[in-house]
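Student: If you scroll down you'll find the structure; I have some questions about it.
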Amino acid sequence: MSSIQQNIELITSQIKSAEQKCGRARDSVQLLAVSKTKPNQAILEAAQAGHQLFGENYVQEGVDKVQFFNQNHPELAIEWHFIGPIQSNKTRHVAEHFAWVHTIDRAKTAQRLNDQRPEGMPPLQVLLQVNTSGESSKSGLDAEQVFELAELISRLPNLKLRGLMSIPANVTDYDSQLAAFTELAALKDRLHALYPSVDTLSMGMSGDMEAAIEAGSTIVRIGTAIFGARDYANKS
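Now the structure itself:
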C-alpha cells in the first residue's frame, strides 16, 4: 500500500469519526484531494486506490492534468474541481474541462463560464465563494452579494448553483473556527430556501476540518496531508 493510499484512508477515517461525533449522517462529507503542484503519478496513485475527487488551483496545470487522465486513464472517472481564482481570460479553459467550480464571486465570471460551456456537456456545478473573515486580502462575496449573484446564476442554463465555499481566517481556536463555519452554513440554508439545488458547503482543511464538519460541511479540501509538502516552482 502506498503512503498516499494510507494517507487517504487515515483522513477518510478521521472524517467518518467526525461525522459520528457530530451526529452527521455517514458519508455526508466528501474528501476533495487538493492536487495542485502534484505530478500525475501522485494523482494516479490516489485514483488507483479508489479516490475520484481532485481539486486544482491553477488553470493551465489543471487543464493539463484533466487532458492527461482523460486520454490515458478514462476508466478512473475522475471528477475535477477547480478551486482557485479565475481570471477572465482563463474562463474558457475552466468551462471546457472541469465538472465543478468552487470560486465564483463575480457576475462576469459566471456569465463567461455559462457562455463558454461546450454544448453536450452537463451544466457546470458551481459554488459561490464567500469572504467570511472580512479580510481585504481574500476574495469572496458578502451575504447580500451572494443572493444577487445566485439570482443571476439561476437564469444561466449551463450553470447549476450547488452552494457556497469559503477560506476562513487562519485561526487555531476551535470555537472561532466553528463560529465562522456556522455563519456560512446559515447562509447556505437561506440560499437553499430559494434555490433547492443548493446542497453543498465546501469548507474545512487539515487544521479546521472537524469544526467544519460539525458546522455542516459537505466537502473538505485536503492536500498536504495526502500528498506531502507542495512544490510551487512549476505552478502555472
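Count along the sequence shown from 1, then add 882; that gives the number in this note's numbering.
Cβ coordinates follow ideal geometry from the N, Cα and C atoms, glycine included.
In this text, all values refer to a predicted model and were calculated from it rather than measured experimentally.
Where does the unbroken beta strand (DSSP E) through G1041 begin, and where does it stop?
Tutor: Position check: residue 1041 holds Leu in this sequence, whereas Gly was assumed. Element bounds for L1041: 1041-1048.
Student: M1085 and L1066 look like a contact to me (Cβ under 8 Å); what is the Cβ gap, rounded to whole Å?
Tutor: So it is a contact: roughly 6 Å between Cβ atoms.
Student: Return the CA-CA distance between D909 and L1076, expressed in angstroms with no decimal places.
Tutor: About 26 Å.
Student: Could you compute how far the alpha carbon of S970 sits from the alpha carbon of G1022?
Tutor: Distance between the alpha carbons of S970 and G1022: 16 Å.
Student: In the DSSP assignment, what are the bridge partners of R1103?
Tutor: For R1103, which the question treats as bridged, DSSP gives the partners L914.
Student: Let me know if S1048 comes out buried or exposed under the rule of 16 or more other beta-carbons within 10 Å of its beta-carbon.
Tutor: Buried: at least 16 other Cβ atoms inside 10 Å.
Student: If you draw a straight line from the alpha carbon of K990 to that of S884, how long is it in whole angstroms?
Tutor: Roughly 43 Å separates the two Cα atoms.
Student: Looking at the structure shown, is S1123 part of a helix, part of a strand, or coil, going by DSSP?
Tutor: Given a span of 883 to 1118 for the chain in the structure shown, any question on residue 1123 remains unanswerable.
Student: Taking only three categories from DSSP, how would you classify V976?
Tutor: Helix.
Student: Please check the pair N952 and L1006, which I expect to be a contact at CB under 8 Å, by giving their CB distance rounded to whole angstroms.
Tutor: The pair is not a contact, with the Cβ atoms about 16 Å apart (cut-off 8 Å).
Student: Residues in its own chain within less than 8 Å of L959 by CB, not counting five upstream and five downstream?
Tutor: For the record, residue 959 in the displayed sequence is Ala; it is not Leu. Result list for A959: Q934, in chain order.
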